[in-house]
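Letter 59 of the sequence shown, counting from 1, is numbered 47 in our numbering, and no numbers are missing. We treat Cβ as the ideally placed atom computed from N, Cα and C, and that holds for glycine.
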Amino acid sequence: MPGPLPTPVASDVHLPAHCDVVIVGGGIMGACIAHALAERNHKVVVCEKGTFGAEQSSRNLGWVRFTNRKPIELDLMFESLRQWQTLDKRLARLTGYKQCGIVFSEKDEQAMAMRRAWLEHLGPFGLKAQVLSPTRIVDYFPGARYPAVGGIYSPFDGRAEPQLATSAIAESARDKGATLLNHCAVQSIDTAGGRVCGVHTERGYIASSTVVIAGGVWSNLLCRQVGIDYPQLDVKVGAINTTPVSGPDVSFGSSQFALRRRADGGYTVGNYFARADIVPNSFRYATRFAASVRQPDLSLRLGKRFFEELFRRTVKPGRSGPFERQRTLDPELWFDTQAMFNRISEMFPFLATAQIKERWAAHIDVTPDSLPVIDELTAVPGLFMCSGFSGHGFGIAPGAGTLMADLVTGAKPIVDPAAFSLKRFFKN
């Protein structure tokens, strides 16, 4: 059973000989950066090794969530919320965005107490949430049998359609002058005198004084090619889409699973139990990720991927490498999605008549503190990075794209970028 596919984005035929900015990666981050730069009349080329939005950007849960983010992200997420509200109009295309609200609930009092404590962060933003009793949760989800000890309803949170959003943003960037290239892997980043001067792609050379790495789980490999140490690993998660069914518009989330209504009337349902492949970087960054490995909802697996990456060599210009060999990450599911859906349907009876329409797994790029890097990599002048969103990048992407464009162009940043600096991992 295939997973969800994004709306196709046609590739431009012509490979520009030069441009102002090359963006490596055609996910939602790359698309948002391209759109923000194209709006400022910069000549932008986006190089995507596969097809636009085909990896995690089209395989996430589709939440546009302010609630329960780390405090350091909130200014940037507030900007993203503001942009989502008018994004369809700006793009002249549909992203599926809707301010539907989210109910967060827990069956553990300690976890629920942490959610309630988080609400103190809403004050400076003028946002208000409701604290719900277990009986009030049933008002939003009639017949629900989730063993809740309480809940929070955040009416300002929303959703969008992952299969629409990246494509819509990318196409709008093209309307404003950006060049979009499918099946155009960046094989290496070229430097002269220690600074960026262009990229070697499988379709030829593009001269540029600025390159932005927005490669998701591939960003670590790109950084290593130019001697940048970027501590990043990845985990696999899984989800399903259901057939259309009558049910509530509001989304639901807990520490174990989440669900949200889609524009086609079905639901996207996913759990938060993840699997991590043990790879050479697992040992390289073991101390930095030690706390993450001890999480009870994470399982580890040693397989052939360890040896594939162990013998992975630096790619030379003109030769194919890992980016061409694996155009789209499409990992196999490792758990019984039907059993997962049956358990959730027992707690939310409105799902009982739905069937599984699509099921899939996806790779999420993670950093040691689960916060992104949005930074100029000063060790290589002209090189920037926007990556490491750790599973919550879809909703924050419009703001992150704007911030990255600010850094590239030297404009006043919309938020203080210091918290997203790569240097934070190397202070000690």
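C-alpha of Ser46 to C-alpha of Ile228: approximately 12 Å in a straight line. Counted as a single uninterrupted DSSP element, the stretch harbouring Gln220 is not any beta strand (DSSP E), since DSSP gives it neither H nor E. The residue among Ala327, Asp178, Ala349 and Gly226 with its C-alpha nearest the C-alpha of Val200 is Asp178.
Taking 3 residues as the shortest admissible run, the segment 161 to 201 contains the following complete beta strand (DSSP E) segments, listed from N- to C-terminal end: 167 to 169, 174 to 180, 183 to 189, 192 to 195 and 199 to 201. Note that the C-beta distance between Ala132 and Phe311 is not below 8 Å. Following the DSSP letters along the chain, one finds Asn269 inside the alpha helix (DSSP H) bounded by residues Pro268 to Arg272. The beta-bridge partner set that DSSP reports for Ala264 consists of Leu288. Annotation for Ile362: no alpha helix (DSSP H) segment contains it, though the beta strand (DSSP E) segment containing it runs Val361 to Glu364. Between Gly309 and Lys37, the alpha-carbon positions lie close to 11 Å from each other. Less than 8 Å separates the beta-carbon of Arg289 from that of Arg263.
By the neighbour-count criterion, in which a residue is buried when 16 or more other Cβ atoms sit within 10 angstroms of its Cβ, Pro59 is exposed. Counting only residues of its own chain and dropping the five nearest sequence neighbours on each side, Ala327 has no CB closer than 7 Å to any other CB. At a cut-off of 4 residues, the continuous stretches assigned as alpha helix (DSSP H) that sit fully inside the segment 3 to 80 are 16 to 27, 44 to 47 and 62 to 79.
The criterion of a C-beta distance shorter than 8 Å is not satisfied by Ser207 and Ser358.
The three-state reading of DSSP puts Leu120 in strand, counting E and B together.
Selection Ala5, Arg28 and Phe323 evaluated against Gly398 yields Arg28 as nearest (Cα-Cα). With 16 or more other Cβ atoms from the protein chains shown falling within 10 Å of its own Cβ, Asp222 counts as buried.
Here the C-alpha atom of Ser160 lies approximately 11 Å from the C-alpha atom of Val(-3). Cβ contact annotation for His6 (same chain, cutoff 6 Å, sequence separation greater than five): Ala195, in chain order.
Beta-bridge analysis with DSSP links Met373 to Ile201 and Asp363.
The DSSP-derived three-state label of Thr154 is helix. For the options Arg300, Leu79, Phe261 and Gly258, the alpha carbon positioned closest to that of Val267 is the one of Arg300. For Ser333, the uninterrupted alpha helix (DSSP H) run begins and ends at Thr325 to Met335, by DSSP.
Shown here for Gly192: same chain residues with a beta carbon closer than 6 Å to its own, the five before and five after excluded, namely Leu3 in chain order.
For Trp348, the enclosing beta strand (DSSP E) begins and ends at Ile344 to Val354. Where Ser207 is concerned, the enclosing alpha helix (DSSP H) starts and stops at Ser207 to Gln213. Between the C-alpha atoms of Tyr134 and Leu49 there is a straight-line separation of about 20 Å.
DSSP places Val137 in the coil class of the three-state scheme, outside both helix and strand. Rounded to the nearest angstrom, the gap between the Cα atoms of Leu79 and Ala19 is 12 Å. In the structure shown, Ile125 falls within a helical segment according to DSSP collapsed to helix, strand and coil.
Note on geometry: alpha-carbon atoms of Lys86 and Met335 lie some 25 Å from one another. Secondary structure of Thr316 (DSSP, three-state): coil.
The C-beta of Phe271 has fewer than 16 other C-beta atoms within 10 Å across all chains shown, which makes the residue exposed. Here the alpha carbon of Lys95 sits roughly 21 Å from the alpha carbon of Arg53.
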